[in-house]
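Numbering (this note's numbering), first residue to last: 2 to 140. Note that beta-carbon positions come from the ideal geometry of N, C-alpha and C, so glycine has one too. Take a look at the structure set out below.
Okay, here's the thing in structure tokens:
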């Protein structure tokens, strides 16, 4: 199903408000989150417009989590975080997606839940490109 009002379905200007598309994997679209308080933070959105993972078949769910695992490994290699936090929300934006948030002991929010959109740190286009290339080169 496709929802033209959903940022992850429609992409373009809707998703550009908060993310930059990195690539597509078998079950997900991968976006760099523009707010980069946590270096390397990304969002993986299902290629299916579903609100809950329970709406996916077993095969679709397994493929979704295989993509999450694949990207998490790439983030560990690219940025060496101390931990990656995984967040699945969507009370208002009802499209299954996960935030992968690298956490660093000596930086922002260590020991607590990450803010959804803290508006703390945005980057230049060149800096975004550098992060995207670091992620893509490890996928």
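Asked                                                                                                              : Found
Cβ-Cβ distance between residue 44 and residue 13 below 8 Å                                                         : no
The segment 3 to 18 touching the segment 113 to 130, judged by at least three CB pairs closer than 8 Å             : no
Meets three-Cβ-pair contact criterion under 8 Å: the segment 51 to 61 and the segment 78 to 85                     : no
Opposing strand residues paired with residue 23 [DSSP bridges]                                                     : Bridge partners of residue 23: none, in fact.
Residue 17, enclosing alpha helix (DSSP H) - first and last residue                                                : 13 to 17
Sub-8 Å separation of residue 97 and residue 76 beta-carbons                                                       : no
Residue 68 classed as buried or exposed, judged by whether at least 16 other C-beta atoms fall within 10 angstroms : buried
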